[in-house]
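In the working numbering, the protein residues as written are 45 to 628.
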């Protein structure tokens, strides 16, 4: 029932193909509703009716979560206020839910709002996320926006993911061919500065029973600030609103009146997974400033779940890690080719259905290859150690990871660090006492579990900052990335400070409260500081880091430091969460 036209992409010169498509489509637009193809067999009866029903199934921020994790979805609260939750997630179950929903409507498309890969568990990451892409191919994914983590390994690697081929340095670990993504990445606002063209098509027009539907893919404009700088060198990220409006104008000129934006940017809300209670920015700013012809915004990046109507448009996000799936149903007029009715819902990817056999077999195959490494026990913990921050922003797992990085670089031959900072966003999972990923005992930590916590493999960089720069660094935690929000760095033992919530921006930390082993730092004295390479490049808007001098890269990654620390000091207890003090 669905016929896709990719404007001869990858077969003809992009510009020649686009001109050809424009000529054809503008001519067809003069006839009213675009109808560039004859109805396929069996579709004639439906096209003679007044409307066409289209189903869009959407996911976001999968992050290579092939197996069911510890993920749960809160469905409500009991009389005492405790959450009621259900187990969810796992790509075998996700594929099964998609197949079941698709069976009810032949006019179904499947899309992702980005970050399908990157920050992935070992099962996917060890094979450069090829298993995840293969599973998405099997699930019938049609289009994906480009998420910031999709660019963790750079644009060349993302092109390999799209087009196929072996990884450049270690060939083919899985001993099976990699054909690349069967779906199309869309990137309307990522421009190659050398060619001044987008790295992927800006949009796709898909025909459902002769009715054109435009899908525009948009990346987070702030991607350069949250990806290692070298990975996006040579790319320019355009403003989201301006880009969407420009592409909408093009689609409207071709007679496309049903338009869906797939964007790796999102917001948050206070309600349950299928609600929209007190929705907040940044996605609201984008929606309210875009052309009213956009019917649906499928969002991501914030790992939130909501189902909203904003400015008359559907706005959805499906959490993260495949725990939820969004079902969007559009009723489109055959006469106007525009949406006349729409509804959406977030669906829990429950585990009360049989897993999809094909995806399940794929996962089983890769598990057998990774098991010897993933299931190796490297240490013990005394109880759960989580990445959830306290009111001050400090987490028990953040304490442990910062301590590990200080331990790896405190020796004079390895940098001579006296402080270690790590970014909370780089801590991707909790250490759970009763999580049994292999044959280990409760409390034992496997290499695979440690990898899930620190999956990026960033180098550790030790540099010199003076006391004034350290104070400025701590001030950059606040109103970051936007006014009223914060990104609190996790800090190593011996380092402490106090911040005041009500103080003005730029004055929240009193420099006299910043201490190393109980002694206030001297504004002019130099201190050796360790961070990961992402922060060292000024990531997460910590621009002070770029001022650091006498840089040393010790050859140890953040993951190496974490594993070595667990091995050396087990059993590990949760961090104290008393290093950062909040004054309200």
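Beta carbons are placed, not taken as given, at the ideal position from N, Cα and C, and that holds for glycine.
Model, not experiment: these values are computed from the prediction.
Please say whether residue 265 and residue 198 have beta carbons closer to each other than 8 Å? no
Have a look at 417, 253, 481 and flag the residue whose alpha-carbon is nearest the alpha-carbon of residue 97. 253
For the alpha helix (DSSP H) that residue 417 lies in, which residues bound it at each end? 401-418
Expressed to the nearest angstrom, what Euclidean distance is found between the alpha-carbon atoms of residue 114 and residue 430? 12 Å
Please specify which runs of the beta strand (DSSP E), each continuous and at least 3 residues long, are wholly inside the region 530-554, giving them in chain order. 539-544
Let me know the secondary structure DSSP gives residue 203 once reduced to three states. helix
Measuring alpha carbon to alpha carbon, tell me which residue in 168, 180, 229, 609 is nearest residue 137. 180
Can you tell me which of 255, 371, 450, 415 puts its alpha carbon nearest to the alpha carbon of residue 380? 255
Would you report the Cα separation of residue 139 and residue 400, rounded to the nearest angstrom? 6 Å
Own chain, CB closer than 8 Å to residue 495, minus 5 neighbours either side, in chain order: 165, 166, 169, 418, 603
Return the CA-CA distance between residue 320 and residue 498, expressed in angstroms with no decimal places. 32 Å
Which term fits residue 566, buried or exposed, when burial requires 16 or more other beta carbons within 10 angstroms of its beta carbon? exposed
Helix, strand or coil at residue 133 [DSSP, three-state]: coil
Since I believe residue 605 is in contact with residue 473 (beta carbons under 8 Å), could you give me their beta-carbon distance rounded to a whole number of angstroms? Not a contact, Cβ separation roughly 17 Å.
Give the DSSP-derived three-state secondary structure of residue 281 in the structure shown. strand
Expressed to the nearest angstrom, what Euclidean distance is found between the alpha-carbon atoms of residue 70 and residue 240? Note that residue 70 scores a pLDDT of 39, beneath 50, so its modelled location is shaky and nothing firm can be said.
Between 160, 183, 459, which lies nearest to residue 505 when the distance is taken from Cα to Cα? 459
Collapsed DSSP secondary structure at residue 625 in the structure displayed: strand
Residues in the same chain with beta-carbon distance under 6 Å from residue 323, minus the five sequence neighbours each way, listed in chain order, please. 311, 313, 352
Where does residue 432 land, buried or exposed, given buried means 16+ other C-beta within 10 angstroms? exposed
For residue 257, report the span of its beta strand (DSSP E) as first-last. 255-262
Quick check on residue 541 - is its C-beta less than 8 Å from some C-beta in chain C? Protein chains in the displayed structure number just one, and chain C is not present.
If you run the structure through DSSP and keep just helix, strand and coil, what is residue 247? strand
In whole angstroms, give me the CA-to-CA distance for residue 109 and residue 271. 20 Å
Can you tell me whether DSSP reads residue 290 as helix, strand or coil? helix
What does DSSP give as the partner residue(s) for residue 341 in the beta ladder? 305, 359
Less than 8 Å between the CB atoms is what I'm expecting for residue 372 and residue 100, so what's the real figure, rounded? 4 Å
Could you check if residue 299 is buried or exposed, using at least 16 other CB atoms within 10 Å of its CB as the buried criterion? buried
Counting only the same chain and skipping the five closest in sequence on each side, list residues whose C-beta sits under 6 Å from that of residue 330. 284, 285
Residue range of the unbroken alpha helix (DSSP H) whose run includes residue 181: 174-183
To test your reading of the DSSP string, which unbroken beta strand (DSSP E) runs of 3 or more residues are found completely within the region 420-482? 421-424, 463-466
In terms of DSSP beta bridges, what is residue 390 paired with? 370
Going by other Cβ atoms of all chains shown within 10 Å of its Cβ, with 16 needed for buried, is residue 178 buried or exposed? buried
By the 10 Å Cβ neighbour count, where 16 or more other Cβ atoms means buried, how is residue 200 classified, buried or exposed? exposed
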